[in-house]
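Here is the structure we will look at.
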Amino acid sequence: MKRDIILGIEGTAHTIGIGIVNGDGEVLANLRRMIKPEKGGIHPREAANHHAEKAPGMLKEAIAVAGVRPEDITLVAFSQGPGLGPCLRTAATAARAASISLGVPLMGVNHCIAHLEIGRLVTDAEDPVLLYASGGNTQIIAFNEGRYRVFGETLDIGIGNMLDKFGREAGLPFPAGPVLEKLSLKSSEDLIELPYSVKGMDVAFSGLLTAALNAYKRKKRALEDVAYSIQETAFAMLTEVTERAMAHLGIEEVLLGGGVARNSRLREMVRTMAEERGARFFAPPGDLCVDNGVMIAWTGWLMYSSGTRMKIEDTAINQRFRTDAVDVTWRD
Ligand code: AMP
Ligand code: MG
Numbered sequence: 049m050k051r052d053i054i055l056g057i058e059g060t061a062h063t064i065g066i067g068i069v070n071g072d073g074e075v076l077a078n079l080r081r082m083i084k085p086e087k088g089g090i091h092p093r094e095a096a097n098h099h100a101e102k103a104p105g106m107l108k109e110a111i112a113v114a115g116v117r118p119e120d121i122t123l124v125a126f127s128q129g130p131g132l133g134p135c136l137r138t139a140a141t142a143a144r145a146a147s148i149s150l151g152v153p154l155m156g157v158n159h160c161i162a163h164l165e166i167g168r169l170v171t172d173a174e175d176p177v178l179l180y181a182s183g184g185n186t187q188i189i190a191f192n193e194g195r196y197r198v199f200g201e202t203l204d205i206g207i208g209n210m211l212d213k214f215g216r217e218a219g220l221p222f223p224a225g226p227v228l229e230k231l232s233l234k235s236s237e238d239l240i241e242l243p244y245s246v247k248g249m250d251v252a253f254s255g256l257l258t259a260a261l262n263a264y265k266r267k268k269r270a271l272e273d274v275a276y277s278i279q280e281t282a283f284a285m286l287t288e289v290t291e292r293a294m295a296h297l298g299i300e301e302v303l304l305g306g307g308v309a310r311n312s313r314l315r316e317m318v319r320t321m322a323e324e325r326g327a328r329f330f331a332p333p334g335d336l337c338v339d340n341g342v343m344i345a346w347t348g349w350l351m352y353s354s355g356t357r358m359k360i361e362d363t364a365i366n367q368r369f370r371t372d373a374v375d376v377t378w379r380d
């Protein structure tokens, strides 16, 4: 019997990712390239051009790294949304071309669900609350009555965007999240008061961003202390709403996902919260936390192997693809 080999193409934002897994969930290749703008934020068109330029070479490389032949691939999956239109279209076009030339089915995958499913694959998490903290997205997601549902989310910008915007204004390189993490370790731990905005199960970061910039630029507070205070405040907000979702749903597992989940302080805060509740804490390794093609390939396979089929007209991209719009056929 032919073994299943799944190709996954991720391209919702700044990263183009090509991943290859097999039907047993073994990761065979995980290639990523991220556009790093010289200055300013990410321009969707420029990011899409970057992805279009990199994808063909990465595809060949991924197949070589995986040690498979193109004709071994049995399914092509791609990130259908949510994300930036031009980037999504580029990834979808690459996926359609691959699916047609290989003569194999095509599967559009919800990016947020993929972050959760890769965590379930590579950690012992079975039914976790996911804290998905990335550049563009910040959501608290859990499985409930046949769907992945969003129990809380940012009302304005994603936490990573907040960190990156602060960094840009403060003259730090992109992406600023890891730079701020390093700076925070050198802080005197003198906490600057910043807006803590939790509204029910939701959070908001733009007030915090403005106040943090004000503290740095006008009040001349040390960058290390501002970095420390941003992290302490923003991560406490995320930890609070995650805990509330766990308590509300009676779920005893928490999983981290998204690029910001690489942050040691965020991991420590969420882990401590989990331990205090007697719950279990999980986080995938860093290269599967950030946007990657492996999570798309694996989720595509979960969908396909549980009976989902897509016609070409079902594969239109969806910039606002909602997490709860997907019928989760692979869990009961
Ligand atoms: P993603 O959108 O999931 O690919 O993640 C990218 C985001 O993660 C960017 O906004 C980065 O600034 C952020 N990020 C990456 N590493 C870290 C870190 N160690 N601490 C905080 N943010 C991070
Ligand atoms: Mg992501």
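Using this note's numbering, you'd call the opening residue of the sequence shown number 49 and step up by one each time.
Ideal placement from N, C-alpha and C gives every residue a C-beta, glycine not left out.
Option nearest residue i by Cα separation, candidates the options
i    : options                : result
R328 : A125, T290, R319, V75  : R319
I83  : A77, V69, H99          : H99
Q367 : P130, R117, A95, T122  : P130
I360 : M351, A145, T138       : A145
D380 : N70, P134, E174, N78   : E174
R80  : G89, I90, T60, G71     : T60
S38  : E272, T202, N97, A259  : This structure does not reach residue 38, given that the chain is present from 49 up to 380, and the question cannot be answered.
N70  : T122, G105, A96        : T122
R137 : L169, E94, V251        : E94
M285 : P118, L178, S245       : S245
D52  : A112, N78, E119        : E119
I111 : K268, N78, P85, Y276   : N78
K247 : V289, A260, E237, Y276 : V289
F214 : A263, S235, G355       : A263
A295 : S277, G326, Y276       : G326
C135 : K267, E86, R216, I90   : I90
Residue i Cβ short of 7 Å to ligand 2 heavy atom set
i    : result
D339 : yes
N192 : no
G56  : no
N185 : yes
H91  : no
G129 : no
H99  : no
G67  : no
G306 : yes
H296 : no
S182 : yes
Between the CA atoms of residue j and residue i - distance to the nearest angstrom
i    : j    : result
E291 : Y196 : 17 Å
A114 : E300 : 36 Å
P92  : T63  : 11 Å
P176 : W349 : 20 Å
I205 : K50  : 45 Å
E324 : G208 : 27 Å
K265 : V274 : 10 Å
I54  : T258 : 44 Å
A218 : P333 : 29 Å
I189 : Y180 : 7 Å
A270 : D372 : 42 Å
V152 : L261 : 50 Å
S127 : S236 : 42 Å
E165 : K268 : 43 Å
beta-carbon residue i near ligand 1 non-hydrogen atom, thresh 7 Å
i    : result
E86  : no
T290 : no
E229 : yes
T63  : yes
L211 : yes
G225 : yes
G59  : no
G219 : no
R216 : no
N311 : yes
G355 : no
G167 : no
G208 : yes
Short Cβ contact (8 Å threshold) for residue i with residue j
i    : j    : result
L107 : I66  : yes
A331 : R315 : yes
V75  : T347 : no
A140 : I365 : yes
A103 : A162 : no
S312 : E229 : yes
D212 : G225 : yes
I68  : V124 : no
L154 : T363 : yes
L242 : L256 : yes
G133 : G341 : no
T287 : M249 : no
N192 : L297 : yes
G307 : L169 : no
L303 : L178 : yes
Assumed close pair residue i, residue j - CB separation to whole angstroms, cut-off 8 Å
i    : j    : result
Q279 : S232 : 5 Å
G194 : V376 : 6 Å
F253 : M321 : About 20 Å; that fails the 8 Å criterion.
D339 : E58  : 5 Å
M358 : W378 : So it is not a contact: roughly 15 Å between Cβ atoms.
Closer than 8 Å to chain B by CB, residue i
i    : result
K230 : In the structure shown, chain B does not exist; there is a single protein chain.
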